[in-house]
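Q: Residue numbers (my numbering): 10 to 383.
#1: Thinking just about the alpha-carbon of each residue, which of 257, 353, 288, 315 is nearest to the one in residue 302?
#2: For the beta strand (DSSP E) that contains residue 195, what are its first and last residues?
#3: Measuring alpha carbon to alpha carbon, tell me which residue in 174, 168, 195, 173 is nearest residue 182.
#4: Give the straight-line distance between the Cα atoms of residue 62 and residue 310, rounded to the nearest whole angstrom.
#5: Look at the alpha carbon of residue 283 and the alpha carbon of residue 98, and state the distance between them as a whole number of angstroms.
#6: Once the 5 residues before and after residue 173 are set aside, which same chain residues still bring their CB inside 7 Å of it?
#7: Given this structure, state the Cα-to-Cα distance separating residue 305 from residue 288, to the nearest angstrom.
#8: Bridge partners for residue 17 per DSSP, in chain order?
#9: Return the first residue and the last residue of the beta strand (DSSP E) that residue 221 is part of.
#10: Looking at residue 122: is its Cβ nearer than 8 Å to the Cβ of residue 187?
#11: Determine the extent of the beta strand (DSSP E) in which residue 298 is found, giving its start and end residues.
#12: Only counting the same chain, and skipping five residues up and downstream in sequence, which positions put a Cβ closer than 8 Å to that of residue 244?
#13: Rounded to the nearest angstrom, what separates residue 242 and residue 65 at their Cα positions?
#14: Which same chain residues, not among the five before or five after residue 93, have their C-beta less than 6 Å away from its C-beta?
#15: Could you check whether the segment 100-119 touches the segment 142-150, counting it as contact only if at least three pairs of C-beta atoms, one from each stretch, sit closer than 8 Å?
#16: Just curious, the beta strand (DSSP E) that residue 58 is in, first and last residue?
#17: Which runs of the beta strand (DSSP E) spanning at least 3 residues fall entirely within the segment 87-142, listed in chain order?
#18: Please check the pair residue 130 and residue 137, which I expect to be a contact at CB under 8 Å, by giving their CB distance rounded to whole angstroms.
#19: If you draw a straight line from the C-alpha of residue 211 to the C-alpha of residue 67, how long is it?
#20: Checking the sheet assignment: what are the DSSP bridge partners for residue 205?
#21: In this structure, how does DSSP classify residue 377 when only helix, strand and coil are distinguished?
#22: Measuring CB to CB, does residue 319 end up less than 8 Å from residue 343?
#23: State the CB to CB distance for the pair residue 24 and residue 43, rounded to an integer number of angstroms; the pair is presumed to be in contact (CB under 8 Å).
#24: At what residues does the beta strand (DSSP E) containing residue 283 begin and finish?
#25: Would you mind stating whether residue 45 and residue 32 have Cβ atoms separated by less than 8 Å?
#26: Helix, strand or coil for residue 310 per DSSP?
#27: Over what stretch of residues does the beta strand (DSSP E) that includes residue 164 continue unbroken?
#28: How many Å lie between residue 338 and residue 315 at the Cα?
#29: Might you give, ordered along the chain, the residues of its own chain that have their beta carbon closer than 8 Å to the beta carbon of residue 20, omitting 5 neighbours on each side?
#30: Locate the beta strand (DSSP E) running through residue 346, then write down its first and last residues.
Put into structure tokens, the structure is as follows:
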């Protein structure tokens with residue numbers, strides 16, 4: 010199947026259930042079966058994005074109310090009555106699984122899980138909560154940041170990492186009785202917006218508003234800083250960790266390539282490509298993510314669209330007429346699209362979820378692939 014056939018193009022469901030207000034964050038679980046949303050209503054919700062909620066009854070629109078009764082989504086063509094992805098008709102509601110509110114005293118801006126998806130990690134202001142995914146009961150709390158936590162992730166089953174507006178990254182050991190951080194990284198000169206571990210080597214990669222993407226090698230204590238020039242609000246790596254895409258506050262996603270996946274701290278090439286023109290990122294933290302087949306980069310936008318860029322071969326700006334990067338623009342949100350997440354399951358590179366300050370979260374898919382496997 011071609012990469013274009015796996016390109017997300019169609020809104021197929023909406024994640025309904027949060028109280029009115031911004032949905033700040035959306036993330037897939039590591040296996041790609043479920044997704045999580047965190048919102049201003051101080052809750053985290055777990056969803057099955059590929060199943061319809063049989064309890065949801067949309068307004069009767071000439072047969073559209075039948076959606077969801079079979080437990081699987083009808084096609085977007087049937088639901089829209091032949092309409093396209095840009096129409097704003099009623100969408101089916103994805104299946105809600107669980108809601109987590111215990112311990113959330115502030116809006117939730119960051120969520121994640123451990124690799125086995127047994128522990129929910131959520132940040133409420135300056136506090137990291139670890140919650141049992143099944144019982145929804147808090148397991149532990151970690152605090153010490155001087156400003157809001159912006160990103161959380163797991164480094165192994167019981168080591169957690171947090172990135173904060175206080176310009177630090179901290180590691181926390183869930184096995185320890187001490188609530189002091191296992192380690193603190195203070196090299197950033199401004200807010201740290203993202204932190205992710207590498208899979209092939211014991212390394213952490215971070216991004217910051219100071220314009221740097223830093224790689225920390227845990228074996229040698231070496232830090233390699235790469236200058237993206239502009240403030241970086243998010244980044245994503247390909248599955249082989251050969252390529253990194255960084256979303257910056259000048260409407261541009263900068264793409265680097267590394268010659269050796271097992272030597273990520275080695276000198277990456279200078280920015281090989283710049284993806285732009287189809288999204289806006291100047292004032293808000295806007296995320297980008299790379300699909301599991303490494304074929305596309307998905308980006309949110311301050312103008313409310315989701316832009317899907319082609320990561321095919323080519324130089325800066327390559328891929329489209331007049332040097333403009335190829336992109337599919339997905340229109341559904343009416344407010345800034347702050348968070349996007351691509352399904353990590355390699356069998357479903359066509360599945361993406363997005364969240365917006367307009368209070369909605371939407372599931373996107375390639376209609377041909379979606380109809381084939383549902």
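Ideal Cβ placement from N, Cα and C applies to all residues, glycine included. Values in this document were obtained by computation on a predicted structure and should not be read as measured data.
A: Quick look at the numbers:
#1: 353
#2: Run containing residue 195: none; DSSP gives neither H nor E here.
#3: 168
#4: 28 Å
#5: 34 Å
#6: 154, 156, 157, 158, 159, 201
#7: 15 Å
#8: DSSP lists no partner for residue 17.
#9: 221-226
#10: no
#11: 297-299
#12: 203, 205, 214, 216, 222, 253, 254, 255, 256, 297
#13: 36 Å
#14: A caution first: residue 93 carries a pLDDT of 39, below 50, which makes its placement in the model unreliable, though a value can still be read off. No residues qualify anywhere along the chain.
#15: yes
#16: 53-61
#17: 103-109, 117-122, 128-133, 136-141
#18: 7 Å
#19: 48 Å
#20: 214
#21: helix
#22: no
#23: Not a contact, Cβ separation roughly 11 Å.
#24: 282-284
#25: no
#26: strand
#27: Run containing residue 164: none; DSSP gives neither H nor E here.
#28: 6 Å
#29: 85, 94, 100, 339, 341, 371, 372, 373
#30: 346-351
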